[in-house]
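Chains as they are written, first to last, in numbering that gives the first Met the number 0: chain L, 0 to 274; chain G, 0 to 387. Written below as structure tokens is the structure these notes are about.
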Amino acid sequence: MYKKIKWSYLYLLFVFILLYLPIFFLVVYSFNAGDVMQGWDGFSLKHYNELFADTRILEIIVNTFLIALLSSLLATVIGTAGALYIYNQTNALTKNIFLSLNNILLVSPDVIIGASFLILFTVVGFSLGFVSVLLAHIAFSIPIVVLMVLPRLQEMNQSLVIAAKDLGAGNWQMLSRVILPVISPGILAGFFMALTYSLDDFAVTFFVTGNGFSTLSVEIYSRARQGVSLEINALSAMMFLVSLALVFIYYVISTRFAKSKKRGTRLVLPASEGL
Amino acid sequence: MKLHAFLVTMYLLTKSEDWALTNTSTPIIEFKNISLSYDDNEVLKNIDLELEAGKFYTLLGPSGSGKTTILNLISGQLTATHGNILFEGNVINDVPVEKRNMNTVFQDYGLFPNMNVYDNVAFGPSIKGMNKATIKTKVTEMLDLVKLSQFADREINELSGGQRQRVAIARALANDPEILLLDEPLSALDYKLRKDMQSELREIQQRLGITFVFVTHDQEEALAMSDWIFVMNDGVIQQNGSPEDIYDEPINHFVADFIGESNILDGIMKADYLVHFVGKDFENVDAGMRPNERVEVVLRPEDLDLTTVDQAKLIVTIEDQSFRGDYYEITAIDDDGNEWQVQATNKATVGSRLGLTFDPEDIHIMRFNESEDDFDARLESYDDDAAE
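This is the structure:
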């Protein structure tokens, strides 16, 4: 028995090392005094200094976060409304159609979504830039929010709605005072999920960014093509720090939720992909 | 002298007011020929009923009998396929749930998990737009009523089942409903707690003086709490009456079987006051039936006594007995093979032959397919006979 536990621990350790080693490697070399990722020339913060001197990068960081925050906020609002609509559909056929439409978007490759948005914007004559990226991000975030919110609605006790009505609440009061607070963990999870998806999206953004406008993932990609600079390592390290912070914030908020309700069900952390 | 005249006038006034109340009051709820069907499935069939204000009513029946459907029709969650529902004389068929002055205690309570006890109870009053101070008074009063004053700040999931039950009652009553609807609210509680809640609910109803409509499948609960019981089966009201009436004078096989334990036997009314069953003639108190009409005979286990063979109206063999605390439940078989349930205070020996005895008035006769009106008229005629 004792031995078994030890083996499983070792296996777990191995998996985590495998997962985190590249990131660790990347972060460590961002502090390298040399300019390549071969050979350690001593500790230095010079790549970070270069990074902070690079105003274009700073502008792109601001853009990326602005896009992420705005798109995930709007997608949360639209997605929650969509989930409520699907939930309230009594007709099984329409319900399934909407669900399928939602899920198809979720599983279809980013490249296809990106390409189709590019075609759409070009056909309509929409100029590519901040707004086009924002719209595309909102679009691919909505299904994620629906996916997070809908299960919460479905596991909500139906008699809460009936009870609210019974006590005299109109539709709006029922929604704002009972339904939304009850499903708020799902909404929160949907928001954070959309945020991480937007922050690290490359494929869709790559298609719909015009000249001049860029987000971090697109920028890192284009710089990496011109030869690896350790400035990118520094940037990636900072992004990693940000994603750590996001995970932490999410934990704090969700445990506060859990504490105030003691519902026993800890929120499921969204599968946050490496930034 | 003056004082005396005043008192007399006051007395007369109150008298006349009483008179006015009893004679002109319309029922608080009235069903007129209500039916409800889903596709081809008829859930309720031509229901007529009247509820008077201030009474404790129980809708009693097995699951699928239509009792909860009636409750949902009163609250407005369901709409009848045809027929009219009246509230204090006005048709309310199209009045939505939130506009009806009645509240429901749900089977699973339906408490809002995102609010604490206080906010749950305050929900109704705050929806109505009352100011904070009024709400506070109301909530405090309600929590006092259900003995939960100490628990105002508790979260719902920190409460026991019984406490949640109380919060649900307080929340429903905080809206000052004219009718409180209770949908099997005690079914999730354990036996002891259920007993306590039964008497407490009854107490609350009498204190507030509002109409309670209570749905249950538990006949014991119905008998213990109600002023008036509607026994439902197959979407039809089988019988309605006071608990005593329903227990003592069940109208048909279903009611006799569903309410309490019964020995039900086929019989023939040979003549007035003479009934034939298990191969013998017995004197009884029923009359007014066709000669030799086939009937069912009901004898309650507690009305039967065990006696010696020579004093017996019927000789039986003891098959089985079980101890029930305050009595022994005995199963016995007569010589024709009929099974008899007897509640006896004394122990009997299994396998022994004993006599059964009962009084003529313990024999209750049920006619086949007798309508409730005919049944009531028949029973009333016995009372008249007795009075003569």
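C-beta atoms are modelled at their ideal positions from N, C-alpha and C, and glycine is treated no differently. For clarity, every value in this text was computed on a predicted model and none was experimentally measured.
- Item | Any alpha helix (DSSP H) of 4 or more consecutive residues that is wholly inside the region 18-102 of chain L | 45-52 and 54-87
- Task: Pull up the distance between the alpha-carbon of Val181 of chain L and that of Ile69 of chain G, whole angstroms please.
- Result: Walking along the first sequence from the start, residue 181 of chain L turns up at place 182. Walking along the second sequence from the start, residue 69 of chain G turns up at place 70. Going by the C-alpha atoms only, they are around 30 Å apart.
- Tell me which same chain residues have a C-beta within less than 6 Å of the C-beta of Tyr108 of chain G, skipping the five on either side of it? As a first step, residue 108 of chain G must be located in the second sequence, where it is residue number 109. Hits under 6 Å: Arg163 and Ala167.
- Item | Short CB-CB distance (under 8 Å) between Lys54 of chain G and chain L | Walking along the second sequence from the start, residue 54 of chain G turns up at place 55. Answer no: the Cβ-Cβ gap between Lys54 of chain G and chain L never drops below 8 Å.
- Query: Mind listing which residues of the region 103-120 of chain G have their C-beta closer than 7 Å to chain L's C-betas, in chain order?
  - Reply: Thr103, Phe105, Asp107, Gly109, Phe111, Pro112 and Asn113
- Message: I want to know whether the region 137-152 of chain G touches the region 83-91 of chain G - three or more CB-CB distances under 8 Å.
- Response: no
- Message: Between which residues of its own chain and Asp265 of chain G is the CB-CB distance below 6 Å, once the five residues before and five after are set aside?
- Response: In the second sequence, the residue the question calls residue 265 of chain G occupies position 266. Result list for Asp265 of chain G: empty, nothing under 6 Å.
- Query: Helix, strand or coil: which one does DSSP assign to Ile186 of chain L?
  - Reply: Within the first sequence, the letter at position 187 stands for residue 186 of chain L. Here Ile186 of chain L sits in helix by DSSP.
- Task: Check whether the Cβ of Gln172 of chain L lies closer than 8 Å to any Cβ atom in chain G.
- Result: Here residue 172 of chain L refers to the residue found at position 173 when the first sequence is read from its first residue. Yes, Gln172 of chain L lies at the interface with chain G (some Cβ there is under 8 Å from its Cβ).
- Query: Using a C-beta cutoff of 8 Å, does Lys45 of chain L count as contacting chain G?
  - Reply: Counting from 1 along the first sequence, the entry for residue 45 of chain L is found at position 46. No, Lys45 of chain L does not count as interfacial toward chain G.
- Query: Got a sec? Which residues, its chain only, sit under 6 Å from Phe111 of chain G by beta carbon, not counting five neighbours each side?
  - Reply: Taking the second sequence and counting its residues from 1, the one referred to as residue 111 of chain G is at position 112. Once the five neighbours on either side are set aside, the close Cβ partners of Phe111 of chain G are Asn119.
- Between which two residues does the beta strand (DSSP E) harbouring Phe213 of chain G extend? Taking the first residue of the second sequence as 1, we reach residue 213 of chain G at position 214. Note, Phe213 of chain G: beta strand (DSSP E), Thr210 to Thr215.
- Going by the beta-carbon positions, is the gap between Arg222 of chain L and Ile231 of chain L smaller than 8 Å? The residue labelled residue 222 of chain L in the question sits at position 223 within the first sequence. The residue labelled residue 231 of chain L in the question sits at position 232 within the first sequence. In this structure, Ile231 of chain L lies closer than 8 Å to Arg222 of chain L by Cβ.
- Task: Figure out for me which residue from G:Tyr56, G:Ala79 and G:Pro26 has the closest Cα to the Cα of Tyr37 of chain G.
- Result: Numbered from its first residue, the second sequence carries residue 37 of chain G at position 38. Among G:Tyr56, G:Ala79 and G:Pro26, the Cα nearest to that of Tyr37 of chain G is on G:Ala79.
- Task: Look at the alpha carbon of Ala80 of chain L and the alpha carbon of Pro95 of chain G, and state the distance between them as a whole number of angstroms.
- Result: Locating residue 80 of chain L in the first sequence gives position 81, counting from the first residue. Locating residue 95 of chain G in the second sequence gives position 96, counting from the first residue. About 24 Å.
- Query: Going by beta carbon distance, what residues of the same chain come within less than 6 Å of Met173 of chain L, once the five residues before and after it are set aside?
  - Reply: Your numbering for residue 173 of chain L matches position 174 in the first sequence. Contacts found: Ala163.
- Query: Looking at the structure shown, is Leu180 of chain G part of a helix, part of a strand, or coil, going by DSSP?
  - Reply: By one-based count along the second sequence, residue 180 of chain G stands at place 181. Strand.
- Whole-number beta carbon distance between Gly82 of chain G and Phe30 of chain G, since they are thought to touch under 8 Å: Along the second sequence, read from residue 1 onward, the residue named residue 30 of chain G stands at position 31. Along the second sequence, read from residue 1 onward, the residue named residue 82 of chain G stands at position 83. Confirmed, Cβ separation roughly 7 Å.
- Query: Tell me, which residues are paired with Asp304 of chain G by DSSP?
  - Reply: As a position in the second sequence, residue 304 of chain G is number 305, starting the count at 1. In DSSP, Asp304 of chain G forms a bridge with G:Thr356.
- Task: Report buried or exposed for Gly38 of chain L, applying the criterion of at least 16 other Cβ atoms within 10 angstroms of its Cβ.
- Result: Here residue 38 of chain L corresponds to residue number 39 of the first sequence, with the count starting at 1. Per the 10 Å Cβ criterion, exposed.
- So which of L:Leu229, L:Ser235, L:Val246 and L:Val241 has the shortest CA-CA distance to Glu49 of chain L? Stepping through the first sequence from its first residue, residue 49 of chain L is reached at position 50. With distances taken between Cα atoms, Glu49 of chain L lies closest to L:Leu229.
- Task: Pick out whichever of G:Pro26, G:Ile28, G:Asn32 and G:Ile46 has its Cα sitting closest to the Cα of Asp233 of chain G.
- Result: Working through the second sequence from its first residue, we reach residue 233 of chain G at position 234. Comparing Cα positions, the closest option is G:Ile46.
- Task: Could you run through the region 151-171 of chain L and flag, in chain order, every residue whose CB is less than 7 Å away from some CB of chain G?
- Result: Asn156, Ser158, Leu159, Ile161, Ala162, Lys164, Asp165, Leu166, Gly167, Ala168 and Gly169
- Message: If we define contact as Cβ-Cβ less than 8 Å, is Phe122 of chain G a contact residue for chain L?
- Response: On the second sequence, position 123 is the one that residue 122 of chain G refers to. Yes, Phe122 of chain G lies at the interface with chain L (some Cβ there is under 8 Å from its Cβ).
- Message: Using C-beta distances below 6 Å, list every residue in its chain close to Ala67 of chain L, excluding the 5 sequence neighbours before and after it, in chain order.
- Response: Within the first sequence, residue 67 of chain L is the residue found at index 68, counting from 1. Within the same chain, Ala67 of chain L has close Cβ partners Leu194, Ser197 and Leu198.
- Name, in chain order, the residues that DSSP records as bridge partners for Phe55 of chain G. Within the second sequence, numbered from 1, the residue matching residue 55 of chain G stands at position 56. Paired residue(s): G:Phe211.
- Chain-ordered chain G contacts of Val177 of chain L [CB-CB under 8 Å]: Mapped onto the first sequence, residue 177 of chain L falls at position 178. Near Val177 of chain L (Cβ distances below 8 Å), the residues of chain G are Phe111 and Asn113.
- Task: Quick one: list the residues of chain L neighbouring Asn174 of chain G, beta-carbon separation under 8 Å, in chain order.
- Result: Along the second sequence, one-based indexing puts residue 174 of chain G at 175. Correct list: Leu166 and Gly167.
- Message: So, for Asp34 of chain L: in the same chain, excluding its five sequence neighbours on each side, which residues have a beta-carbon less than 7 Å away from its beta-carbon?
- Response: By 1-based counting over the first sequence, the position of residue 34 of chain L is 35. Correct list, in chain order: Leu229.
- For Pro21 of chain L, go through chain G and note every residue whose CB falls closer than 9 Å to its CB, in chain order. In the first sequence, residue 21 of chain L corresponds to position 22, counting from 1. Under the 9 Å cutoff, chain G gives no residues; its nearest Cβ is about 42 Å from Pro21 of chain L.
- Message: Taking 7 Å as the limit between beta carbons, can you name the residues of its chain near Glu154 of chain G, skipping five residues before and five after?
- Response: Counting from one through the second sequence, the residue named residue 154 of chain G turns up at place 155. These residues qualify, in order along the chain: Asn115.
- Rounded separation between Asp109 of chain L and Asp189 of chain G - CA only: Position 110 of the first sequence, counted from the first residue, corresponds to residue 109 of chain L. Position 190 of the second sequence, counted from the first residue, corresponds to residue 189 of chain G. Near 56 Å, if we compare the C-alpha coordinates of Asp189 of chain G and Asp109 of chain L.
- Item | Assigned secondary structure, Gly160 of chain G (DSSP; H/G/I helix, E/B strand, else coil) | For the purposes of this step, residue 160 of chain G is taken as the residue at position 161 of the second sequence. If DSSP states are grouped into helix, strand and coil, Gly160 of chain G belongs with the helices.
- Message: Which same chain residues end up closer than 6 Å to Phe97 of chain L when comparing Cβ atoms and leaving out the 5 residues on each side of it in sequence?
- Response: Within the first sequence, numbered from 1, the residue matching residue 97 of chain L stands at position 98. Cβ within range, chain order: Ile85.
- Item | chain G within 8 Å of Val106 of chain L, Cβ atoms only | In the first sequence, the residue the question calls residue 106 of chain L occupies position 107. False, the Cβ-Cβ gap to chain G never drops below 8 Å.
- Whose C-beta lies closer than 8 Å to the C-beta of Tyr327 of chain G among residues of the same chain, with five residues either side of it excluded? Walking along the second sequence from the start, residue 327 of chain G turns up at place 328. Only Gln320, Ser321, Gln342, Ala343, Thr344, Asn345, Lys346 and Ala347 meet the Cβ criterion.
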